[in-house]
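These notes concern the structure reproduced below.
Numbering (the UniProt record's numbering), first residue to last: 1 to 132.
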């Protein structure tokens, strides 16, 4: 299965957003100094990525898309298991986004793309799920 969801706006808070199992509660993730340096922290069946700013941003989700992300400021890859056919994405004070991703083991890459300083565009986070 190959799929690309439209980018959706999400207001980032506490400089993080979390990918977790669909239908579950967003976990509370504790960050160590090492987690901050690497840009993410992982818990049981969830991962929180660093958000560069507490502002409205765009989140795009891709599943097994072969097209490369041409330009990005940061890339973080983690192993991620989807247990029940989907994930939800949320920041502490934001609405959640929901994506139907088949159960399986994935390499999840978060690309952070900063807009040009002269642009009014938002920071974009691409969550790229690739079957492991």
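Glycine is no exception: its CB is placed at the ideal position from the N, C-alpha and C atoms.
Compare the beta carbon distance of residue 89 and residue 111 with 8 Å and say whether it is the shorter of the two.
no
Secondary structure at residue 60, three-state DSSP: helix, strand or coil?
strand
Please say whether residue 52 and residue 7 have beta carbons closer to each other than 8 Å?
no
Leaving aside the five residues before and after residue 133 along the sequence, list all residues of the same chain whose C-beta is less than 7 Å from its C-beta, in chain order.
Because residue 133 is not part of the residues shown, which for the chain are 1 to 132, the question remains open.
Rank 13, 107, 47 and 23 by C-alpha distance to the C-alpha of residue 99 and give the top, closest one.
Out of 13, 107, 47 and 23, 23 has the C-alpha closest to the C-alpha of residue 99.
Backbone CA spacing between residue 85 and residue 129 [nearest angstrom]
13 Å
Anyone know if the C-beta pair for residue 11 and residue 29 falls short of 8 Å?
It is not a contact, given that the beta carbons lie outside the stated cut-off.
Residues sharing a beta bridge with residue 104, DSSP:
Residue 104 is bridged to 82.
Label residue 37 either buried or exposed according to how many other C-beta atoms from any shown protein chain fall within 10 Å of its C-beta, with 16 as the threshold for buried.
So residue 37 counts as exposed.
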